[in-house]
Every structure is written in structure tokens, then in C-alpha cells.
Amino acid sequence: MQHSSSPLDQARASYEDHLDTCRQCAADAVPCAVAKHLRRVYNNLGRAAAHGAPDGTGPRGR
Ligand SMILES: [Zn+2]
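All the letters of the sequence shown, read from the start, carry residue numbers 12 to 73 under our numbering.
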């Protein structure tokens, strides 16, 4: 039923879903390795999205 349009949404969904289901993350205040990895992927995608499409108009500096 999930039909996320963007990879960024999917990455965030995976991260939040992990936090929901992971015992280690729930028991400990520190996220586990998987949570760190998922969050990193999400952050990278967020960065890419903020900088514009990878194969879009191209870099324009500022
Ligand atoms: Zn975890």
C-alpha cells in the first residue's frame, strides 16, 4: 500500500520504521548501527535533493 514517490520518502520511512521495530533502538538512547546507516542514507538523499536533481540542470555554484 506504500507508494512513496521519492527515494527520500522511502529512506525516511525505512528509518522511522526501524526505530519503531528495533528493540535496541527502543531500549537504548543511542541508535544501533542499522539506525545510523539508515539515517545516513536519508541524510545523503536529503542533501542531494537540496542541491537539486543529480542529472538536472547541473551545478551552478551559488
Ligand atoms: Zn536499531
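Each residue gets a CB set at the ideal place from its N, CA and C atoms; glycine is no exception.
Can you give me the Cβ contacts of residue i inside the same chain, cut-off strictly under 8 Å, excluding the 5 residues immediately before and after it?
i	result
Ala22	Leu49, Val52, Tyr53, Leu56
Beta carbon of residue i, beta carbon of residue j: below 8 Å?
i	j	result
Ala46	Leu30	yes
So residue i and residue j are supposed to be a Cβ contact under 8 Å. How far apart are they, rounded?
i	j	result
Ala44	Leu19	With a Cβ gap of about 22 Å, Ala44 and Leu19 do not count as contacting.
Who are the near neighbours of residue i in its chain, counting only those whose CB is closer than 6 Å to its CB and skipping five residues on each side?
i	result
Ser25	Leu49
Gln35	Cys43
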